[in-house]
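Down below is the structure, laid out as structure tokens.
Numbering (full-length UniProt numbering), first residue to last: 1 to 242.
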């Protein structure tokens, strides 16, 4: 089991809250994901949801694409158990798997999604290459992550959240922000094109905890800054055409 999966299982309370929220409510990022697909007239028949958590993204996408075949993969066994239950009415396969070494065929999926995960990985380039590998030529990959679009600077950080059980076991989380420069380097020669959609929250979120968790701070100009534990979050959605 990966360190990330171990930490998620140790922090089962926080993980369950996150999974339950994504299943019961359509997040603002989910709305943007669906808008991108609708605006492009996408009609994927095969969809891979990598690092699927409790299956929230697929549950909502299945409302748009009820005839599609979904494959859900996550490193956390507890998450996959929840995803199996949540997606049992749809055409889905849910399995525990390693994002760095997916046991899925190359060029197999019309649509590959990876939601709020790349920023938490120690080897994001390796994971991104796997997402590209399993996508069909002409297919689309959509991944939400933290991106730095205004500077050619990457930020690699470790978060030690003292409110979580994993910290007591000496574990921490990656919390990385990737520049457009670096993403371009990662994808050079692998894909037809890509773009990063900036994501801003249209609603206010209150700070409700002392640990990791998104909240907003409004500036004098009315802009909402997305924060977590005092850190600025530059969320974006990476759209790749293979």
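We put the beta carbon where it would ideally sit given N, CA and C, even for glycine.
Here DSSP, grouped into helix, strand and coil, assigns residue 103 to coil. Counting only the Cα atoms, residue 115 lies some 14 angstroms from residue 79.
Across the set 111, 212, 144, 54, the C-alpha of 54 shows the shortest separation from the C-alpha of residue 87. Residues 28 of the same chain have their beta carbon placed closer than 7 angstroms to that of residue 202, with the five preceding and five following residues left out of the count. Residue 97 has its alpha-carbon roughly 7 angstroms from the corresponding atom of residue 103.
Membership of residue 171 in any beta strand (DSSP E) is not indicated, and neither H nor E is assigned to it by DSSP.
Bounds of the beta strand (DSSP E) holding residue 143 are 135 to 148. In this structure the region 11 to 26 touches the region 40 to 60; the number of beta carbon pairs closer than 8 angstroms is three or more.
Here residue 123 really is in contact with residue 100; their C-beta atoms are around 6 angstroms apart, less than 8 angstroms. The C-beta separation of residue 26 from residue 60 comes to about 5 angstroms, placing the pair in contact by the 8 angstroms criterion.
One alpha carbon belongs to residue 213, the other to residue 153, and they sit about 24 angstroms apart. Residue 133 and residue 127 have their alpha carbons spaced roughly 10 angstroms apart. For residue 224, the enclosing beta strand (DSSP E) begins and ends at 224 to 228. In the DSSP assignment, residue 218 falls within the beta strand (DSSP E) that extends over 214 to 218.
In the DSSP assignment, residue 195 is bridged to 239.
Secondary structure note for residue 70: its beta strand (DSSP E) is the uninterrupted segment 69 to 74. Judged by DSSP secondary structure, residue 121 falls outside any alpha helix (DSSP H); it is assigned neither H nor E. Leaving aside the five residues that flank residue 62 on each side, the residues in its chain whose CB is nearer than 6 angstroms to its CB run, in chain order, 90. Around the Cβ of residue 40, a 10 Å sphere holds fewer than 16 other Cβ atoms; the residue is exposed. If you check the CB distance, residue 236 and residue 121 do not come in under 8 angstroms. Of 138, 69, 175, 226, the smallest CA-CA separation from residue 194 is found for 138.
Taken through DSSP and simplified to helix, strand or coil, residue 4 comes out as helix.
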